[in-house]
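Heads up, the thing below is written out as structure tokens.
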Amino acid sequence: RLSNGSNYCLGRVEVYLNSIWGTVSGESWDINDANVVCRSRGCGFAIAALTNSYFGEGTGPVWFKDVGCTGNEYGLQSCPLTIISTNNISHSNDAGVICSSGNFLISGNLKVRLVNGSSPCNGRVEVYDAVQWGSVCGPNWDMSSARVICRELNCGIPLKTHSNAFFGRGNREQNLVNFMCHGWENSLANCTSNRYIAPNCTHAEDFSVICSGISLKSNLKVRLVNGSSPCNGRVEVYDGIQWGSVCGPSWDMNSARVICRELKCGIPRETYTSFFFGKGTGDRVFDNLKCYGWELHLSSCTNNPNRAPNCTRTEDFSVICSERKDILKIGDTEKRERIRFW
């Protein structure tokens, strides 16, 4: 811990050993040692390594001297040091640190995966810190963190989070705890962690995420066929390989709004799941689509990777749009009309 400072990230270095808090000698204390202390507390990097009891003299034993960290360790316990066996050492040279902040960025080579679920888009969260894969836990792993995870895995948006080992307990060391994401980050590597070790965190609290599904391909195309105009008919999508019809319970009015908007066909009037415009003939491309209605293109929606097993040609999805809305150039002498955008 850091004592006698004005906040969590600066103060006199104290170590808990043999059920007693004690200090660290300033002998050989340098910026590398201070960096390890700052990292272990989630306080960024060291601005200053202080000696001569800068934050006042401590009490109890002086536990260590000659600390020789390289700066890359996760805690002082990983550094070479000399344990002081006598208890009559003066506190006039207690070590202290001033850290940069209360957060540090996670390593840029951090990787994430979801394991033990039914697809790559749901399961227990595990992160790879360039050394090993490990589960995660802590109170700050929340829906904001889940948004970043689902986005990084190209799995849409989070539907549910669990912090009770919902997908089973991990069996390796937990890598990151007390994580902090805002939700807009593209990668977990852009988030911060305010502590690297949580002594009370167990695998019973392993964090899990259920994402909405795999994001669709950016080159996805859509058309309406077998209708009286390009603005009504059976929905078919092209996934870069073939055209195919679609079906599933999540193809609804919200999906229709996106389709009509993308085709510049106004707004949806009707939707059908009863082969209203005939049955398709090619392979189905997507089932269980999830659109919210505001997306500009189907490629911005998400798709559950698990196909609907009972989906038949009698459920091919169709849409009737209000017809296309052309914007006309209005001259000075022409009648002005109110134009509404969808």
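Counting from 1, one number per residue, gives the positions in the sequence shown under the working numbering. Don't be surprised by glycine CBs; every beta carbon is placed ideally from N, CA and C.
- Taking 9 Å as the cut-off, the beta carbon of G71 is found closer than this to the beta carbon of I31.
- Three or more Cβ pairs closer than 8 Å define a contact, and the stretch 21–36 meets that threshold against the stretch 54–71.
- Scanning Y74, N87 and F45 for the CA closest to the CA of W21 turns up N87.
- The Cβ neighbour count for P80, taken over all protein chains shown within 10 Å, is under 16; the residue is labelled exposed.
- In terms of CA proximity to V97, L10 leads the group A256, L10, I157 and V258.
- Going by DSSP, I320 is part of the beta strand (DSSP E) stretching over S318 to C321.
- Of the candidates S53, H91, F167 and A95, the residue whose Cα lies closest to the Cα of R113 is F167.
- Comparing alpha-carbon positions, the option among L153, Y8, S40 and W141 lying closest to S78 turns out to be S40.
- Per DSSP, R269 is one residue of the beta strand (DSSP E) stretching across P268 to Y272.
- L220 sits in coil when the DSSP states are folded into three classes, being neither helix nor strand.
- Taking one beta carbon from each stretch, the stretch 229–239 and the stretch 311–323 have 3 or more pairs nearer than 8 Å; the two touch.
- In the structure shown, I83 adopts extended strand secondary structure according to DSSP, grouped into three states.
- Where I241 is concerned, there is no enclosing beta strand (DSSP E), because DSSP gives it neither an H nor an E.
- Our two residues, S145 and S100, have alpha carbons roughly 24 Å apart in a direct line.
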